[in-house]
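Single-structure report; data block below.
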Amino acid sequence: MTVETEIEIMGQHLNERIKKIFGRSLHIREVDAGSCNGCEVEVNALSNPIYDIERFGLHIVASPRHADMLLVTGPVTRNMELALLKTYNATPEPKLVAAMGSCACNGGIFGNTYASGGGVDKFLPVDVYIPGCPPRPQAVIFGLMVALDKFDQKIKRMEVKA
Amino acid sequence: MFDILKKTLKTGTVTVNYPKKPDIAPAGFRGRPEILSDKCTYCGECASVCPPGVIWLEEGMSEKTLTLSYCGCIFCGRCEEVCPEGSIRLTQDYELASKTKDALLTSTSRKL
């Protein structure tokens, strides 16, 4: 067995462990890194009675120190760059980063100008990309499920039942 | 208080049963763009109008490739509007989230 495969297996174990740790509940800190507030409106809609993400054990918290996941919206602007890095450093390990919206994925409509960083992945390691301008609340739920592989587990469970 | 209870009972449950039951986007929703490779003539019209510039045409020695990245797409529908052949179409699909950027690319190519 080569060193690479060993490291890969270790990484898989770690991944499973993270999923086990996060599986039941996930606390999300929403970071606005220069967004147009379209995505924020959808994040607000996530906790209303219609979409209600609290039923999955997903909570939106007010401090990065309480959070397991950063939900970053907007292209990282120059003013928000340092704030985003500080927020990331304040989040306890293990942590996930989700890039929500087209701007956070790739710069989107703001492109790669002097004031815009052009995507979160240039500054932080991103675990899941959620495209959409803005993404529907259902698309955000789907993205969070992808992040946790909860979706696959749920599908498997449903198949077993049927 | 009775009025509030009455209203609550009247309203019932509003929460959508989303991940268990698929939720279809309403008609006219602009979702994932789709390239129909058999109609595309590789004129590059869509690439020139795309506001965030996520459609690009690569003209190699032996083949032409049209690539579209959903990562950065703002779902404005300009590509669908300008395409003379109607080979780009916006679907109602919105479940696009992925762990890698490469999974968000779609491309079509033709040998010259």
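Which chain is which? The protein sequence lines are A and B, in order. Position one of the first sequence corresponds to residue 7 (our numbering), numbered consecutively onward. Position one of the second sequence corresponds to residue 9 (our numbering), numbered consecutively onward. Virtual Cβ for every residue (Gly too), placed ideally from N, Cα, C.
Residue j beta carbon less than 9 Å from that of residue i
| i | j | result |
| --- | --- | --- |
| A/S122 | A/G40 | yes |
| A/K101 | A/D74 | yes |
| A/N112 | B/K109 | yes |
| A/V126 | A/V82 | yes |
| A/I136 | A/A96 | no |
| B/K92 | B/T49 | The question names Lys, yet the displayed sequence has Pro at residue 92 of chain B. Yes. |
| A/C139 | B/C81 | yes |
| B/P27 | A/I66 | no |
| A/L76 | A/P70 | yes |
| A/I169 | A/P143 | Summary: the structure shown does not reach residue 169 of chain A, with chain A confined to residues 7 through 168, and so no result is reported for it. |
| B/L120 | B/K72 | yes |
| B/R40 | B/G85 | no |
| B/I43 | B/L74 | yes |
| A/L90 | A/V37 | yes |
| A/R61 | A/Y120 | no |
| B/V90 | B/V62 | no |
| A/L150 | A/I15 | no |
| B/C51 | B/I96 | no |
| A/A145 | B/L104 | yes |
| A/V103 | A/L64 | no |
Residue i - partner residues in DSSP beta bridges
| i | result |
| --- | --- |
| A/M75 | A/I34 and A/L102 |
| A/H19 | Answer is none; A/H19 lacks a bridge partner. |
| B/S106 | A/Y135 |
| B/L76 | B/I63 and B/T114 |
Within chain A, partners of residue i - CB distance below 8 Å
| i | result |
| --- | --- |
| B/S106 | V134, Y135 and V152 |
| B/V62 | N112 |
| B/S77 | N112 |
| B/P59 | I115 |
Residue i - containing alpha helix (DSSP H), residue span
| i | result |
| --- | --- |
| A/S122 | Counting along the chain, A/S122 falls outside any alpha helix (DSSP H), and DSSP gives it neither H nor E. |
| A/K92 | R84 to A96 |
| A/V49 | G44 to L52 |
| B/E67 | Segment I63 to E67 is the beta strand (DSSP E) holding B/E67; no alpha helix (DSSP H) there. |
| B/V24 | Element bounds for B/V24: n/a, residue is neither H nor E. |
| B/E53 | E53 to V57 |
| A/C111 | S108 to N112 |
As assigned by DSSP and simplified to three states, the class of residue i
| i | result |
| --- | --- |
| B/T16 | helix |
| B/P41 | strand |
| A/T11 | helix |
| A/K128 | helix |
| B/E71 | strand |
| B/L120 | coil |
| A/R142 | coil |
| A/S41 | coil |
| A/S69 | coil |
| B/F10 | helix |
Proximal residues of chain A, C-beta to C-beta of residue i below 7 Å
| i | result |
| --- | --- |
| B/G80 | S108, C111, N112, G113 and G114 |
| B/L112 | Y135 and P137 |
| B/K109 | Y135 |
Under 9 Å by beta carbon: chain A residues contacting residue i
| i | result |
| --- | --- |
| B/A33 | R142 and Q144 |
| B/F83 | S108, P137, G138 and C139 |
Listed by chain order, chain B residues near residue i by CB distance under 7 Å
| i | result |
| --- | --- |
| A/F148 | E103 and A105 |
| A/I56 | V22, T23 and V24 |
Enclosing beta strand (DSSP E) for residue i [first to last residue]
| i | result |
| --- | --- |
| A/I3 | Outside the modelled stretch of chain A, which goes from 7 to 168, sits residue 3 of chain A, for which no answer is possible. |
| B/R86 | No beta strand (DSSP E) contains B/R86, which is instead part of the alpha helix (DSSP H) from R86 to V90. |
| A/R61 | Counting along the chain, A/R61 falls outside any beta strand (DSSP E), and DSSP gives it neither H nor E. |
| B/I96 | I96 to L98 |
Per-residue contacts from residue i into chain B (C-beta, under 8 Å)
| i | result |
| --- | --- |
| A/G123 | Chain B residues near A/G123: none, gap ~13 Å exceeds 8 Å. |
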